[in-house]
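Enquirer:
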């Protein structure tokens with residue numbers, strides 16, 4: 336008697352099932368990393384674009400910016416640029432997921448004898464590695480222009496952890512949008528979503544300088560929670576700016592907002608992935 340070949344719809348064998356899923360996830364992660372290795376120019380542009388924004392804002396416009404409570408504007412914007420770099424990564428996730436779905440690659444993977452979670456999990460792991468690299472580049476950039484953390488390495492590591500938590504949450508938003516999009520060319524719609532949300536926050540300017548209603552929206556922006564919490568953990572200028580409940584409890588909201596985003600978009604991504612080609 337012959338055994339029919341296993342497909343992705345078949346249950347994972349009890350023995351070694353977790354190891355099998357982990358191996359498949361690593362294979363998909365390596366696939367994404369290999370794609371980036373073949374396009375070093377594109378990767379370099381993506382990593383250096385936030386650096387250009389820092390130099391432009393810090394040196395071209397920084398002299399006209401007032402930091403609440405005083406302080407150097409370049410130090411003020413670095414936590415904001417760290418968070419914006421995490422937000423810009425959603426475009427990378429969206430484009431990769433939408434491209435695979437449009438070309439039928441995702442359907443092909445689903446028909447293969449591999450763990451059904453490996454496609455999405457591998458994509459997520461690769462994008463988190465890319466985000467770590469992007470954050471490292473931005474840290475070097477910040478140190479080069481005079482930014483420092485002033486509250487010790489432990490609090491700085493906590494701030495970097497909050498930034499990666501934000502990226503992890505936005506990752507699932509990018510996965511979901513990529514699965515529902517008609518193709519990678521729809522990335523313009525994601526940019527229209529990311530850029531206003533990113534800049535309508537405390538990343539570049541203090542919400543207290545905005546009109547009242549706009550400042551209130553900015554202070555409740557999930558991006559602002561992470562930025563404000565990071566400024567406090569780094570001990571940089573502008574950490575005490577803002578008088579709303581959200582600003583006063585930024586560290587709490589920097590955890591709550593990403594968890595809420597994950598709670599919404601992770602199940603939606605799984606459901607959409609399972610519904611492909613039906």
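Residue numbers (the numbering used here): 336 to 613.
Just so it is clear, CB atoms sit at the ideal spot from N, CA and C, and this is done for glycine as well.
For the 8 Å Cβ check, are there 3 or more pairs between the segment 527-543 and the segment 398-408?
Expert: In short, these stretches touch, since the Cβ pair count reaches three.
Enquirer: Please classify residue 578 as buried or exposed, where buried requires at least 16 other C-beta atoms within 10 Å of its C-beta.
Expert: Under this definition residue 578 is an exposed residue.
Enquirer: Near residue 476, which residues of its chain fall below 7 Å by C-beta distance, leaving aside the five closest residues on each side in sequence?
Expert: Correct list, in chain order: 386 and 389.
Enquirer: Whole angstroms is fine: what's the gap from residue 581's alpha carbon to residue 371's?
Expert: When rounded, the distance between both Cα atoms is 38 Å.
Enquirer: Going straight from the alpha carbon of residue 453 to that of residue 356, what length do you get?
Expert: In a straight line, the C-alpha of residue 453 is about 6 Å away from that of residue 356.
Enquirer: Return helix, strand or coil for residue 609, following the three-state DSSP convention.
Expert: In the structure shown, residue 609 sits in a helix (DSSP, three-state: H, G or I).
Enquirer: When you compare only the Cα positions, how much space is there between residue 375 and residue 361?
Expert: Approximately 21 Å between the Cα atoms of the pair.
Enquirer: Residue 553 to residue 449, Cα distance in whole Å?
Expert: In a straight line, the C-alpha of residue 553 is about 44 Å away from that of residue 449.
Enquirer: Give the secondary structure of residue 543 by DSSP, where H, G and I count as helix, E and B as strand, and everything else as coil.
Expert: In the structure shown, residue 543 sits in a helix (DSSP, three-state: H, G or I).
Enquirer: Keeping to the same chain, check which residues put their C-beta closer than 8 Å to that of residue 515; ignore five residues upstream and five downstream.
Expert: Only 607 meet the Cβ criterion.
Enquirer: What does a CB cutoff of less than 6 Å around residue 322 pick up in its chain, not counting 5 residues either side in sequence?
Expert: No answer is possible for residue 322: it lies beyond the span of the chain, which begins at 336 and ends at 613.
Enquirer: Could you give the uninterrupted runs of the alpha helix (DSSP H) lying entirely in the segment 431-487, keeping only those of 4 residues or more?
Expert: With a minimum length of 4 residues, the continuous alpha helix (DSSP H) runs that stay inside the segment 431-487 are 440-445 and 453-479.
Enquirer: Tell me whether residue 555 sits in a helix, a strand or coil according to DSSP, three-state version.
Expert: Three-state result, residue 555: coil.
Enquirer: When the distance is taken between beta carbons, is residue 533 closer than 8 Å to residue 433?
Expert: Contact flag unset, no.
Enquirer: Count the CB pairs spanning the segment 582-590 and the segment 548-566 that are closer than 8 Å, and state whether there are at least three.
Expert: Enough Cβ pairs lie closer than 8 Å, so yes.
Enquirer: Would a C-beta distance cut-off of 8 Å place residue 420 and residue 470 closer than the cut-off?
Expert: For residue 420 and residue 470, yes; Cβs fall inside 8 Å.
Enquirer: Would residue 569 be called buried (16 or more neighbouring beta carbons within 10 Å of its own) or exposed?
Expert: Looking at its Cβ environment, which holds 16 or more other Cβ atoms inside 10 Å, residue 569 is buried.
Enquirer: Report buried or exposed for residue 458, applying the criterion of at least 16 other Cβ atoms within 10 angstroms of its Cβ.
Expert: The residue is buried, with at least 16 neighbouring Cβ atoms inside 10 Å.
Enquirer: Could you tell me whether the Cβ atoms of residue 529 and residue 426 are closer together than 8 Å?
Expert: Yes.
Enquirer: Do you know whose CA, among 408, 423, 394 and 435, lies nearest residue 363's CA?
Expert: Nearest of 408, 423, 394 and 435 to residue 363, Cα basis: 435.
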